[in-house]
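Reviewing the structure listed below.
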């Protein structure tokens, strides 16, 4: 790895330096170190025997047969996880069939096709650059003892560049794993709130789903206000200066935080460390109930936008700025886009979906549904769009969490209005249904007349105020009714 480090290539201006090997290339390299397709099963059997031996809690003896007084040595959990993940990746890459009777035995005949999935894998050596805080006291660096004097100088610190190498096993074709599952079941049901866009999901998994349901939301339509903000932002020249780096973003957020009157509204930022997210969420919940409101600034694909629950008064408005496309220069994104483009052009290089398995004597009162093979492969751009919309759909649902909840969703991006047939198609149906369906030939003025959107801040603020006031009045009546019910019950 250190030798190859000098050959790492920058894929773009802001991309990490990488060295990429195809499945065929890495298969040859692995063969030279005893992990080729002809030896990997024996290596895995040896690993499992060693793992079982070291995990045995019975008393063990040394080589001379005498009881050993010290604790039996065991493999570290991190090592176990590393080997387990490595053998799982190699098993799929070399197309071994773990269901074969001789897979874990000493036989030499294996049910496999070495080259079936090699083209679906990339092995990437990547150099990651991190910045660690380090003391700048020169005397402390020279004298490592604890007898040195403390001073203001010793309290200062600086960021030092730290470079790390990582070897990544990337499977660029999800159907490699999913096809095994689909071929063994008679019926497969995928249930989730954010599977859309469904066409992209079906093409990626390589399995056709003839029955689909995009259900409407459980809340009534009057409990959700969905709108798009279009033209007023264009008239303001200096709304926000996009930072060029994370350091610039931090300084901009610090200035914005200082400008907000904390006695009126509390502002919280999503922490960088995952361990701090729970404490930040608790602080937000506390502030939202004590003063007029609280605001959270977060990014898509983070714990706040996908994992935290902002039910009821903890979340009444979601503002989505733009469409969260993945970083274009990310090495994994680049490899996936190139892989899908090549597979789409070759039309059939990827494994097609197997038909759902069914018992021979099965009977049904309804005619069986055909499950055609998926031969279409997403292009790199289509896959790129799907990743953006899944992250966006996850974030948009943060403020509507149960039947009696209510809230507003604000989409701050002109593309949803200027090209609705393209950009609204990836939005979840329960939000998309709030926008009008127009023919391919339409004018923006006609869309303005029929759509729920705003071109000025004043009208948006007025509609939001009316929306909130009406639901707060309903909540007050419901609370009084519940009190009377408890009194006379």
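Numbering (our numbering), first residue to last: 20 to 508.
Note that CB positions come from ideal geometry on N, CA and C, so glycine has one too.
Residue j beta carbon less than 9 Å from that of residue i
i, j, result
"residue 55", "residue 137", "no"
"residue 246", "residue 506", "no"
"residue 210", "residue 39", "no"
"residue 183", "residue 146", "yes"
"residue 343", "residue 444", "no"
"residue 511", "residue 52", "As shown, the chain starts at 20 and ends at 508. That puts residue 511 outside it, with no answer to give."
"residue 417", "residue 327", "yes"
"residue 340", "residue 199", "no"
"residue 69", "residue 94", "yes"
"residue 66", "residue 102", "yes"
"residue 181", "residue 151", "yes"
"residue 148", "residue 35", "yes"
One or two residues paired with residue i in a DSSP bridge
i, result
"residue 185", "145"
"residue 40", "142"
"residue 397", "Bridge partners of residue 397: none, in fact."
"residue 190", "140"
Pairwise C-alpha distance: residue j and residue i
i, j, result
"residue 502", "residue 329", "25 Å"
"residue 204", "residue 197", "11 Å"
"residue 127", "residue 64", "Model confidence at residue 127 stands at a pLDDT of 42, short of 50, so the residue's coordinates are unreliable; what they give is reported in the following sentence. For residue 127 and residue 64, the distance between alpha carbons rounds to 13 Å."
"residue 359", "residue 333", "41 Å"
"residue 319", "residue 195", "28 Å"
"residue 179", "residue 441", "45 Å"
"residue 225", "residue 202", "11 Å"
"residue 490", "residue 229", "40 Å"
"residue 106", "residue 485", "59 Å"
"residue 108", "residue 398", "25 Å"
"residue 500", "residue 487", "20 Å"
"residue 46", "residue 236", "49 Å"
"residue 401", "residue 363", "11 Å"
"residue 316", "residue 57", "52 Å"
"residue 361", "residue 481", "51 Å"
"residue 508", "residue 302", "37 Å"
"residue 37", "residue 475", "47 Å"
"residue 496", "residue 96", "57 Å"
"residue 478", "residue 494", "24 Å"
"residue 498", "residue 492", "10 Å"
"residue 415", "residue 396", "28 Å"
"residue 227", "residue 206", "12 Å"
"residue 300", "residue 438", "36 Å"
"residue 345", "residue 504", "52 Å"
"residue 365", "residue 305", "56 Å"
"residue 434", "residue 231", "27 Å"
"residue 99", "residue 436", "52 Å"
"residue 322", "residue 135", "37 Å"
Candidates the options, of which the one nearest residue i by Cα
i, options, result
"residue 348", "403, 47, 496 and 422", "403"
"residue 483", "112, 236 and 335", "335"
"residue 331", "58, 431, 421 and 51", "421"
"residue 238", "478, 305 and 453", "453"
"residue 61", "100, 95 and 110", "110"
"residue 141", "350, 395 and 475", "350"
"residue 410", "401, 395, 324 and 206", "324"
"residue 215", "430, 413 and 498", "413"
"residue 44", "99, 36, 139 and 213", "139"
"residue 405", "223, 212 and 439", "223"
"residue 338", "100, 430, 305 and 419", "430"
"residue 193", "231, 213 and 112", "112"
"residue 212", "438, 504, 300 and 419", "419"
9 Å Cβ cutoff, residue i in contact with chain B
i, result
"residue 321", "Reference to chain B is not applicable here, since this structure consists of a single protein chain."
### Task
Indicate whether the contact test is met: 3 or more Cβ pairs, each with one atom in the segment 237–246 and one in the segment 418–433, closer than 8 Å.
These segments touch.
### Message
For the structure I just gave you, are there three or more beta carbon pairs, one from the segment 207–223 and one from the segment 178–188, closer than 8 Å?
### Response
No, they do not touch.
### Stretch pair the segment 440–449 + the segment 349–366: three plus CB contacts closer than 8 Å
no
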